[in-house]
Amino acid sequence: AQSVTQLGSHVSVSEGALVLLRCNYSSSVPPYLFWYVQYPNQGLQLLLKYTTGATLVKGINGFEAEFKKSETSFHLTKPSAHMSDAAEYFCAVSDQGAQKLVFGQGTRLTINP
Amino acid sequence: EPEVTQTPSHQVTQMGQEVILRCVPISNHLYFYWYRQILGQKVEFLVSFYNNEISEKSEIFDDQFSVERPDGSNFTLKIRSTKLEDSAMYFCASSDRTANYGYTFGSGTRLTVV
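Chains as they are written, first to last, in my numbering: chain P, 1 to 113; chain C, 1001 to 1114.
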């Protein structure tokens, strides 16, 4: 069965610093990978996704993630954090052609002034 | 930008009562989903719905749960006899293709069973 592990339930960075949120997955076949963001009192918003092709994918709000098959990872990065990036971030995986997403436990990102 | 709308945003119900959570998916989407998130835990898949029938469901989605698309716009989740452990945030989502392309989620209904 698929599973997703997000290392660190809470990450805190200073404004302007690099953001790195870690995600590792276990899957028997190459999955499709997603990052979602949840702002307070809002739904889950798709940040970016990897399906096929280029392993470095760019998303909204300056975020990007790289699929590394050898490391079974899909870490999310942003070069320079903004206060508005404070939110909960979820990594998710699905099998090709599947209906459901399997989510990680989420990482709460805090930005310090 | 099109949105998935969920009502109510917060519902409190007594244990044993029936509750219906409502969702209006994006109008041209064909796939509909319910997920839930118990406080402090992962977002968990409940059920997917396509072509007016359940296409996949999790072990959580037992006989106490049902889904329905009563008309062309609404998608509902019914819990027949609520339990304390049903307290969670319930998210509706829709997509125009399979999960591979990402869903659009609603903002959720927080269900509190007392």
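Ideal Cβ positions, reconstructed from N, Cα and C, are used throughout, including at glycine.
For the ligand NAP, is there any heavy atom lying closer than 7 angstroms to the beta carbon of P/Gln42? Ligands are entirely absent from the displayed structure, and the ligand NAP is therefore not among its contents.
If I measure Cβ to Cβ from P/Thr72 and keep anything under 8 angstroms in the same chain, skipping five residues before and after, which residues do I get? The count along the first sequence starts at 1 and reaches residue 72 of chain P at position 72. Closer than 8 angstroms at the Cβ level, and outside the excluded window around P/Thr72, lie Asn24, Tyr25, Ser26, Ser27.
Return the chain-ordered list of same chain residues with a C-beta closer than 6 angstroms to the C-beta of C/His969, the five sequence neighbours on each side being excluded. Because chain C spans 1001 through 1114 in this model, residue 969 of chain C falls outside it and cannot be assessed.
Give every residue of the same chain whose Cβ lies closer than 7 angstroms to the Cβ of C/Tyr1103, excluding the five residues on either side of it in the sequence, and list them in chain order. Taking the first residue of the second sequence as 1, we reach residue 1103 of chain C at position 103. So the qualifying residues of the chain are Tyr1033, Ala1093, Ser1094, Ser1095.
Along the stretch 99-113 of chain P, where does the CB come closer than 9 angstroms to a CB of chain C? Name the residues. Gln99, Lys100, Leu101, Val102, Phe103, Gly104, Gln105, Gly106
Using a C-beta cutoff of 8 angstroms, does P/Leu44 count as contacting chain C? By 1-based counting over the first sequence, the position of residue 44 of chain P is 44. It does: the Cβ of P/Leu44 has a partner Cβ on chain C nearer than 8 angstroms.
Expressed to the nearest angstrom, what Euclidean distance is found between the alpha-carbon atoms of P/Leu46 and C/Gln1017? On the first sequence, residue 46 of chain P is found 46 positions in, with the first residue counted as 1. On the second sequence, residue 1017 of chain C is found 17 positions in, with the first residue counted as 1. Their Cα atoms are separated by approximately 34 angstroms.
Among the residues of its own chain, which have a CB less than 6 angstroms from the CB of P/Phe103, if the five just before and after it don't count? Your numbering for residue 103 of chain P matches position 103 in the first sequence. If we look at P/Phe103 and ignore the five residues flanking it on each side, its Cβ neighbours are Phe90, Ala92.
Can you name, in chain order, every residue of its own chain whose Cβ lies under 8 angstroms from the Cβ of P/Leu18, other than the five neighbours on each side? Locating residue 18 of chain P in the first sequence gives position 18, counting from the first residue. The answer, listed in chain order, is Thr77, Lys78, Pro79, Ser80, Ala81.
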